[in-house]
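Colleague: Numbering (this note's numbering), first residue to last: 28 to 229.
Below is the structure I would like to discuss, written out as structure tokens.
Structure, rendered in structure tokens:
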């Protein structure tokens, strides 16, 4: 939808406005979920995939009646979340205007746990071994900006604070973890919470 359909033009323009190159968009397999309540439902129904399984993946939600479903991600730029074995385990979606919530992430599923997953780790783990450090940022676009400028030993937390499990995962690869959070009040608060997490683990 992002690269091969006219429907994705506004999303592609948004990403380019944010400074992302075509190479970065392709490297991270960014996508677009168009408006509509049943695009994903129709896609999987045509393939014969049971909707109960699609619900378990977090891509669709049951209606209040409990009889039918609707798409979780609608009219958002989509960031696939990929694990260290290069399997897609979840998704993040961002609106392109001031709508709320700004970000929407996959829920906890049998294959995805946000407290044990980090965006970009599958790319950062090898690069970090040559630098002895990993940079930790808060969001998808922060991480993509670093990669855009050649800083590939970086990961992002996924809608949650840095956890002890995150620190343990990263410590397998490098001795130094460096926080690169926003310098506003919220970013400083988050950084202070992370310091407590580091102390728990070390």
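Virtual Cβ for every residue (Gly too), placed ideally from N, Cα, C.
None of these values were measured; they are calculated from a predicted model.
1) Determine which residues share a DSSP beta bridge with residue 97 and list them.
2) Going by Cα to Cα distance, which pick from 70, 156, 103 is closest to residue 34?
3) Going by alpha carbons, who is nearest to residue 65 out of 133, 115, 81, 145?
4) Pair every Cβ in the stretch 120–131 with every Cβ in the stretch 146–159, then say whether three or more of these pairs are closer than 8 Å.
5) Per DSSP, which one or two residues make a beta bridge with residue 203?
6) Taking the alpha-carbon positions, what's the residue 214 to residue 190 distance?
7) Report yes or no: do three or more beta-carbon pairs, one from the stretch 125–142 and one from the stretch 171–189, lie closer than 8 Å?
8) Rounded to the nearest angstrom, what separates residue 163 and residue 75 at their Cα positions?
9) Would you please state the rounded distance, in angstroms, between the beta carbons of residue 183 and residue 146? I believe it to be under 8 Å.
10) The beta strand (DSSP E) with residue 131 in it runs from where to where?
11) Give every residue of the same chain whose Cβ lies closer than 8 Å to the Cβ of residue 181, excluding the five residues on either side of it in the sequence, and list them in chain order.
12) Is the beta carbon of residue 47 within less than 7 Å of some heavy atom of the ligand PLP?
13) Between which two residues does the beta strand (DSSP E) holding residue 104 run?
14) In whole angstroms, what separates the C-alpha of residue 32 from that of residue 101?
15) For residue 76, does the three-state DSSP call read helix, strand or coil?
16) Can you tell me whether residue 46 is buried or exposed? The criterion is at least 16 other CB atoms within 10 Å of its CB, across all chains shown.
Modeller: The relevant details are as follows:
1) Locating residue 97 in the chain shown gives position 70, where the first residue counts as 1. In DSSP, residue 97 forms a bridge with 88.
2) For the purposes of this step, residue 34 is identified with residue 7 of the chain shown, where counting begins at 1. Per the Cα distances, 103.
3) Numbered from its first residue, the chain shown carries residue 65 at position 38. Of the listed residues, the one whose Cα sits closest to residue 65 is 81.
4) With the cut-off at 8 Å, the stretch 120–131 and the stretch 146–159 do not touch.
5) In the chain shown, the residue the question calls residue 203 occupies position 176. Beta-bridge analysis with DSSP links residue 203 to 160.
6) The residue you call residue 214 lines up with position 187 of the chain shown. The residue you call residue 190 lines up with position 163 of the chain shown. Approximately 16 Å between the Cα atoms of the pair.
7) Contact holds: three or more Cβ-Cβ distances are below 8 Å.
8) Walking along the chain shown from the start, residue 163 turns up at place 136. Walking along the chain shown from the start, residue 75 turns up at place 48. Put simply, the backbone Cα of residue 163 is about 40 Å away from that of residue 75.
9) The sequence position of residue 183 within the chain shown is 156, counting from 1. The sequence position of residue 146 within the chain shown is 119, counting from 1. Taking 8 Å as the upper bound for CB-CB distance, residue 183 and residue 146 are in contact here, some 4 Å apart.
10) As a working mapping, residue 131 is identified with position 104 in the chain shown. Per DSSP, residue 131 belongs to the beta strand (DSSP E) from 130–132.
11) Indexing the chain shown from 1 puts residue 181 at position 154. Excluding residues within five positions, the ones whose Cβ falls inside 8 Å are 147, 151, 161, 162, 163, 164, 170, 173, 174, 207.
12) Because no ligand of any kind appears in the structure shown, any question about the ligand PLP cannot be addressed here.
13) Position 77 of the chain shown holds residue 104. Element bounds for residue 104: 103–109.
14) For this step, residue 32 is matched to residue 5 along the chain shown. For this step, residue 101 is matched to residue 74 along the chain shown. Roughly 16 Å between the two C-alpha positions.
15) Within the chain shown, the letter at position 49 stands for residue 76. Assignment of residue 76 by DSSP, reduced to helix, strand and coil, places it in the coil class.
16) In the chain shown, residue 46 corresponds to position 19, counting from 1. Exposed is the label assigned to residue 46, since fewer than 16 other Cβ atoms lie within 10 Å of its Cβ.
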